[in-house]
Amino acid sequence: MAGRGDHILSGWSNFWVIWSGQFVSMFGSGLTTFSLAFWAFHETDRASYIALITFSKFATTAIASPFAGILADRFDRKILILLGNLGLMLLSAIMCALSIVNHLSYEVVIGILALSGLCDAVQLISFDSIVSLIAPSRKHFSKVNAMISLANKAPQVVAPLVASLLLGSVGLSLILMVDSGTFLFCIITLLLASVPQKLESRHKLQLLNELKFPLNYIYSNAGLRRIQIISISINFLVGFAGSGSILPALVLVYTHNNAGILARVVSIGGCGAIIGGIVIGAWGGPRKKVHGILIGVLVSSLCGRFLVGVGHTQFTWILGVFVIQMMIPLINSSDQAIWQAKVPQEIQGKVFSARIIAGDISYPLGILVSGFLADHFFTPSMAQQGTYLVSIFGWIVGHGPGAGLSLMYVISAILGGGVAIWGYLSGAVRGIEQSEPTVSRGVQALK
0 MAGRGDHILS GWSNFWVIWS GQFVSMFGSG LTTFSLAFWA FHETDRASYI ALITFSKFAT
60 TAIASPFAGI LADRFDRKIL ILLGNLGLML LSAIMCALSI VNHLSYEVVI GILALSGLCD
120 AVQLISFDSI VSLIAPSRKH FSKVNAMISL ANKAPQVVAP LVASLLLGSV GLSLILMVDS
180 GTFLFCIITL LLASVPQKLE SRHKLQLLNE LKFPLNYIYS NAGLRRIQII SISINFLVGF
240 AGSGSILPAL VLVYTHNNAG ILARVVSIGG CGAIIGGIVI GAWGGPRKKV HGILIGVLVS
300 SLCGRFLVGV GHTQFTWILG VFVIQMMIPL INSSDQAIWQ AKVPQEIQGK VFSARIIAGD
360 ISYPLGILVS GFLADHFFTP SMAQQGTYLV SIFGWIVGHG PGAGLSLMYV ISAILGGGVA
420 IWGYLSGAVR GIEQSEPTVS RGVQALK
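Each step along the sequence shown adds one to the number in numbering that gives the first Met the number 0, with nothing skipped, and position 321 is 320.
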């Protein structure tokens with residue numbers, strides 16, 4: 000059944016309207032993310048505070064995801080996306096108001112971001128579930144996913160540069176005000192767009208079974224199960240050493256709190272995501288999507304992450320981040336295409352929510368572990384010559400302020416490469432696209 004609003008927009012024009020709203024809202028979020036990270040490190044001089052800010056949002060998103068998936072399969076997904084964005088707009092407006100009156104504390108930011116994670120869960124799960132509905136056809140899954148990845152990543156190029164300028168001129172309050180406005184724009188585009196109604200699932204389950212069903216569905220398929228293990232592992236490593244945890248601290252330590260250099264590293268490096276998204280959008284990715292996942296992980300780990308770790312200059316950081324970001328559209332679009340092709344539309348909400356909580360809970364866990372180990376183990380252990388870690392890794396990353404953070408990137412690079420190699424050694428992963436799971440197979444997993 001067609002959704003409301005089909006008389007207004009349809010086809011690619013409908014997709015581009017939805018895409019534009021996503022792009023603008025991600026730009027606003029990018030401004031806030033960069034600004035809060037700089038604000039936290041500038042106020043505390045500790046990597047763990049950046050990590051806790053990121054953790055507070057992603058942890059609640061992951062925990063709420065299975066319940067959001069149930070909502071996405073039971074209610075109008077367009078309404079859920081609208082409600083999620085409305086909540087995000089209001090929370091951003093509250094932070095803005097508190098900042099204006101100088102009552103925005105670190106504890107308040109963590110609490111508000113935790114609440115925003117709940118709204119994110121509702122709108123992200125619902126949005127993921129409509130992608131296969133708004134795509135013109137199944138053959139366009141990779142291109143559509145690449146363009147959505149582009150909408151999520153392209154703002155990383157512009158937002159940090161704009162944020163670094165605004166922080167020095169107008170401050171955090173105006174940035175938060177702009178963020179609220181971008182969510183309003185996203186809401187308007189969704190009101191104009193058409194979102195086809197989901198297929199009604201023939202399998203009505205009780206709440207407990209609805210929570211168990213997607214996990215059993217994934218577990219019953221060896222290929223999906225191992226793809227999920229790869230996702231969990233990589234997400235943990237991205238949280239352990241990434242832009243949401245130690246990258247801002249690493250750059251700020253080596254550059255003596257230079258927000259401009261940090262903005263250039265994140266922005267110019269983020270161009271890799273734009274180029275990668277454009278390439279995948281035009282090319283569609285490899286015929287066997289599993290190659291896109293594993294090759295992308297291998298290159299981003301051994302070329303990108305390793306370079307960020309061993310390089311101590313603006314150029315090497317930019318180049319390393321560029322490689323990492325360029326692989327993201329390839330990895331994400333290939334991974335999403337496999338799940339969209341393997342999971343029937345009528346249960347995608349439940350299964351995608353389980354996939355997100357299983358994969359994305361590892362990201363905030365990686366961030367939490369990263370912040371603690373950075374401040375209490377790696378940084379002090381690599382601060383001066385004569386320590387055990389310096390005697391082993393000093394020839395790679397040196398010693399002194401920042402060396403411990405660099406070592407964390409090197410470790411994540413080696414482990415990420417190992418995960419990709421394990422994937423290629425698994426027959427279930429290599430052959431995942433040769434089988435077609437069905438709803439009945441997933442239901443049998445409950446018995």
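Backbone N, C-alpha and C fix where the C-beta goes; we use that ideal spot for every residue, glycine too.
Below 8 Å CB to CB, which residues in the same chain sit around residue 298 once its five sequence neighbours on both sides are set aside?
Your numbering for residue 298 matches position 299 in the sequence shown. Result list for residue 298: 322 and 326, in chain order.
Classification of residue 350 by the beta-carbon crowding that lies within 10 angstroms, buried from 16 upward:
Taking the first residue of the sequence shown as 1, we reach residue 350 at position 351. Residue 350 should be labelled buried.
Which residue from 313, 282 and 55 puts its Cα closest to that of residue 112?
As a position in the sequence shown, residue 112 is number 113, starting the count at 1. Answer by Cα proximity: 55.
If we ignore side chains and look at the alpha-carbon of each, how far apart do residue 419 and residue 232 end up?
To locate residue 419, count along the sequence shown from 1; it is residue 420. To locate residue 232, count along the sequence shown from 1; it is residue 233. Approximately 10 Å, taken between the alpha carbons.
If I follow the unbroken alpha helix (DSSP H) through residue 403, where does it start and stop?
Translated into the one-based positions of the sequence shown, residue 403 becomes position 404. Run containing residue 403: 402-424, per the alpha helix (DSSP H) assignment.
By how many angstroms is the C-alpha of residue 58 removed from the C-alpha of residue 279?
Counting from 1 along the sequence shown, the entry for residue 279 is found at position 280. Counting from 1 along the sequence shown, the entry for residue 58 is found at position 59. Their Cα atoms are separated by approximately 30 Å.
Pick helix, strand or coil for residue 287, following the three-state DSSP scheme.
Residue 287 sits at position 288 when you count from the first residue of the sequence shown. Note: residue 287 maps to coil in three-state DSSP.
Assigned secondary structure, residue 100 (DSSP; H/G/I helix, E/B strand, else coil)
One-based indexing of the sequence shown puts residue 100 at position 101. If DSSP states are grouped into helix, strand and coil, residue 100 belongs with coil.
Hey, quick one: how far does the alpha helix (DSSP H) through residue 370 stretch, first residue to last?
Within the sequence shown, numbered from 1, the residue matching residue 370 stands at position 371. For residue 370, the enclosing alpha helix (DSSP H) covers residues 361-372.
Report the residue ranges of all alpha helix (DSSP H) runs contained in full by the stretch 207-290; include only those spanning at least 4 residues, in chain order.
221-239, 246-254 and 258-282
Top-ranked residue by Cα proximity to residue 40, from 73, 332 and 252
Residue mapping note: residue 40 aligns to position 41 of the sequence shown, counting from 1. Taking only the C-alpha atoms, the option nearest residue 40 is 252.
What is the residue span of the alpha helix (DSSP H) that residue 169 lies within?
Here the question's residue 169 lines up with position 170 in the sequence shown. Note, residue 169: premise wrong, no alpha helix (DSSP H); not H, not E.
Count the other C-beta atoms from every protein chain shown that fall within 10 angstroms of the C-beta of residue 305, then say buried if there are 16 or more, exposed otherwise.
By one-based count along the sequence shown, residue 305 stands at place 306. Under this definition residue 305 is a buried residue.
Considering only C-alpha positions, which residue in the set 273, 433, 427 and 168 is nearest to residue 152?
Start at 1 with the first residue of the sequence shown, and residue 152 comes out as number 153. Checked all of 273, 433, 427 and 168; the closest Cα to residue 152 is 273.
So, for residue 357: in the same chain, excluding its five sequence neighbours on each side, which residues have a beta-carbon less than 7 Å away from its beta-carbon?
As a working mapping, residue 357 is identified with position 358 in the sequence shown. Correct list, in chain order: 227 and 231.
Integer Cβ distance of residue 238 from residue 369, believed to fall under 8 Å:
Start at 1 with the first residue of the sequence shown, and residue 238 comes out as number 239. Start at 1 with the first residue of the sequence shown, and residue 369 comes out as number 370. The distance from the Cβ of residue 238 to that of residue 369 is about 6 Å, consistent with a contact at the 8 Å cut-off.
Anyone know if the C-beta pair for residue 346 and residue 288 falls short of 7 Å?
Position 347 of the sequence shown, counted from the first residue, corresponds to residue 346. Position 289 of the sequence shown, counted from the first residue, corresponds to residue 288. Not a contact, by the Cβ cut-off of 7 Å.
Measuring only the C-alpha atoms, how far is residue 234 from residue 378?
For the purposes of this step, residue 234 is taken as residue 235 along the sequence shown, with counting starting at 1. For the purposes of this step, residue 378 is taken as residue 379 along the sequence shown, with counting starting at 1. Residue 234 and residue 378: Cα-Cα distance of roughly 23 Å.
Counting pairs of beta carbons, one from the stretch 31-39 and one from the stretch 254-266, are three or more of them closer than 8 Å?
yes
Please report how far the alpha carbon of residue 43 lies from the alpha carbon of residue 168, in whole angstroms.
In the sequence shown, the residue the question calls residue 43 occupies position 44. In the sequence shown, the residue the question calls residue 168 occupies position 169. Computed Cα separation, rounded: 21 Å.
So, residue 144 versus residue 335, is the Cβ gap smaller than 7 Å?
Taking the sequence shown and counting its residues from 1, one reaches residue 144 at position 145. Taking the sequence shown and counting its residues from 1, one reaches residue 335 at position 336. With respect to the 7 Å criterion, residue 144 and residue 335 are classified as neighbours on the basis of their beta carbons.
For residue 154, which of helix, strand or coil comes out of DSSP?
Walking along the sequence shown from the start, residue 154 turns up at place 155. Note: residue 154 maps to helix in three-state DSSP.
Apart from the five residues just before and just after residue 95, which ones in its own chain have a Cβ nearer than 7 Å to its Cβ?
Within the sequence shown, residue 95 is the residue found at index 96, counting from 1. For residue 95, where only same-chain residues beyond five positions count, the Cβ hits under 7 Å are 172, 175, 176 and 179.
For the stretch 73-128, list the alpha helix (DSSP H) runs that are entirely contained and at least 4 residues long, ordered along the chain.
76-99
Based on Cα-Cα distance, which residue from 254, 160 and 374 lies nearest to residue 270?
Position 271 of the sequence shown, counted from the start, is the residue given in the question as residue 270. Ranking 254, 160 and 374 by Cα distance to residue 270 puts 160 first.
Give the range of the alpha helix (DSSP H) segment to which residue 389 is assigned.
The sequence position of residue 389 within the sequence shown is 390, counting from 1. Start and end: 387-396.
Determine contact between the stretch 116-128 and the stretch 73-81, defined as no fewer than three beta-carbon pairs at a distance below 8 Å.
A contact exists between the stretch 116-128 and the stretch 73-81.
According to the neighbour-count rule (16 or more other Cβ atoms, all chains shown, within 10 Å of its Cβ), is residue 394 buried or exposed?
One-based indexing of the sequence shown puts residue 394 at position 395. Exposed, by the Cβ-count rule.
Would you kindly work out how many angstroms separate the C-alpha atoms of residue 106 and residue 165, rounded to a whole number?
By 1-based counting over the sequence shown, the position of residue 106 is 107. By 1-based counting over the sequence shown, the position of residue 165 is 166. Cα to Cα, the separation comes out at about 23 Å.
Nearest to residue 244 (by Cα), restricted to the options 372, 16 and 396
Locating residue 244 in the sequence shown gives position 245, where the first residue counts as 1. Minimum Cα distance to residue 244 is reached at 372.
Exposure of residue 282, with buried meaning 16 or more beta-carbon neighbours within 10 Å:
In the sequence shown, the residue the question calls residue 282 occupies position 283. Exposed.
Residue 309 - containing alpha helix (DSSP H), residue span:
Counting from one through the sequence shown, the residue named residue 309 turns up at place 310. Counting along the chain, the alpha helix (DSSP H) containing residue 309 begins and ends at 305-309.
From the DSSP output, in three-state form, read off residue 60 for me.
Residue 60 sits at position 61 when you count from the first residue of the sequence shown. Here DSSP, grouped into helix, strand and coil, assigns residue 60 to helix.
Is the beta carbon of residue 128 closer than 7 Å to that of residue 13?
As a working note, residue 13 is residue 14 in the sequence shown. As a working note, residue 128 is residue 129 in the sequence shown. Remark: C-beta atoms of residue 13 and residue 128 do not approach each other more closely than 7 Å.
What residues in its chain sit with their C-beta under 7 Å from that of residue 86, if we drop five residues either side in the sequence?
Position 87 of the sequence shown, counting from 1, holds the residue named residue 86. 118, listed in sequence order.
Does DSSP classify residue 354 as helix, strand or coil?
Your numbering for residue 354 matches position 355 in the sequence shown. Here residue 354 sits in helix by DSSP.
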